[in-house]
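J.: Numbering (the numbering used here), first residue to last: 123 to 480. Every residue gets a Cβ at the ideal spot worked out from N, C-alpha and C, and that includes glycine.
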Ligand code: IPM
Ligand code: MN
């Protein structure tokens, strides 16, 4: 009997539904080829629902989402909704409630994709960032006092518990052992680089570095490195080939993964996973709702298709996930560009090409 996976689909706003449609098309082709089934249920969370009902993520919907094998998310955001409401109310709430403590962002330049980095190709741009996704500056601890006076104070605290740091680093070491450059036959070592700011955030990185050494002792096969986050930005541009697996906190991870995304061809290509290794994980193209391109069949679905590949891999269908990635790699050289409306194909045609390449 073939295996069936229950997937909650959150197409979201703007171009979200268009790219998610192509991702589902490709995943269905993979399901047929590799002999499993995907049972999908859609939820209309996002800006449109919020404007109509005032709801972001109702408790009843959250309870239902907990029962799925995975969540496939398009993009959430609306020009008529104040910034922060949907981000905090839907996306971040899902990450926190489902304790998706890992944000996994592969940085891979597919063949034929143009990178703004001169003289860097698929061989040099091939690493991944593991961003801690449950703590740090994202916990919302802080506040304003003496508001409206010249003495007004704004506090927003960066916090991590030992347990949060430990579980994130353990995931990162395991990931580096399994998917590092040595494991993939691409280099002499599997290397995990911790990215922080130990020269200024001394308390925070005393903890991270100590746990890095402690957990690292259990992984003698993984080489350890440490870089400050500012220097990391410089290296990501000048010599991306020096990276294998990077692990970092929530805020630095948010920032460096946008930089990483542009080096791999931009938001049309970059995919990510919000992972709870013991629970329900959620996969998404990391770009936004692209309101300008909505309904035009012009947006690039590669990132959403790549997020689908990551989801299948996480569900245990590694062969299907790798096959989709290979199919993407056979499709990108045919595309003129990874920018919306400049691909030389429509959104649906790109989906068809990847599905056919499978
Ligand atoms: C991301 C996004 C989110 C984040 C926003 C939309 C809240 O930028 O997934 O990187 O900051 O994590
Ligand atoms: Mn971001």
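Between which two residues does the alpha helix (DSSP H) containing residue 336 stretch?
T.: Its alpha helix (DSSP H) spans residues 324 to 338.
J.: Would you report the Cα separation of residue 124 and residue 158, rounded to the nearest angstrom?
T.: Looking at the two C-alpha atoms, the distance is approximately 5 Å.
J.: Just the residues with CB closer than 5 Å to a heavy atom of the ligand IPM, in chain order, which are they?
T.: Residues flagged by the Cβ proximity filter: 209, 376.
J.: Just to confirm, does residue 273 get its C-beta within under 7 Å of one of the non-hydrogen atoms of the ligand MN?
T.: No.
J.: Using a threshold of 7 Å, is the CB atom of residue 380 nearer than that to any non-hydrogen atom of the ligand MN?
T.: True, at least one ligand heavy atom lies under 7 Å from that Cβ.
J.: Considering only their Cβ atoms, is the gap separating residue 175 from residue 212 smaller than 8 Å?
T.: No, the pair does not count as a contact, with Cβ atoms beyond the cut-off.
J.: Provide the residue(s) that pair with residue 482 in DSSP beta bridges, ordered along the chain.
T.: Any answer about residue 482 is impossible in this case: the structure gives the chain only from 123 up to 480.
J.: Check whether the region 239 to 256 touches the region 338 to 352, counting contact only when three or more Cβ pairs, one atom from each stretch, lie closer than 8 Å.
T.: No contact exists between the region 239 to 256 and the region 338 to 352.
J.: Would you identify the three-state DSSP class for residue 240, choosing helix, strand or coil?
T.: Note: residue 240 maps to coil in three-state DSSP.
J.: Would residue 407 and residue 425 be called neighbours here (beta carbons separated by less than 8 Å)?
T.: Yes, they are a contact pair.
J.: Under 8 Å, Cβ to Cβ, is there at least one residue of chain B near residue 396?
T.: In summary, chain B is missing from the structure at hand, where a single protein chain is found.
J.: Using a Cβ-Cβ cutoff of less than 6 Å, which residues in the same chain neighbour residue 316 once the five nearest sequence positions on both sides are dropped?
T.: Hits under 6 Å: 334, 348, 369.
J.: Determine, using beta carbons only, whether residue 422 and residue 390 come nearer to each other than 8 Å.
T.: Taking 8 Å as the Cβ cut-off, residue 422 and residue 390 qualify as a contacting pair.
J.: Residue 346 lies in the beta strand (DSSP E); which residues open and close that run?
T.: First-last of the beta strand (DSSP E) with residue 346: 344 to 350.
J.: Hey, could you find the ends of the alpha helix (DSSP H) residue 381 is sitting in?
T.: Note, residue 381: alpha helix (DSSP H), 372 to 385.
J.: I need the boundaries of the beta strand (DSSP E) containing residue 313, first residue and last residue.
T.: Segment 312 to 318, the beta strand (DSSP E) holding residue 313.
J.: Taking C-alpha atoms, which residue in 277, 322, 384 lies nearest to residue 265?
T.: Looking at the Cα atoms, 277 is the closest of the given residues.
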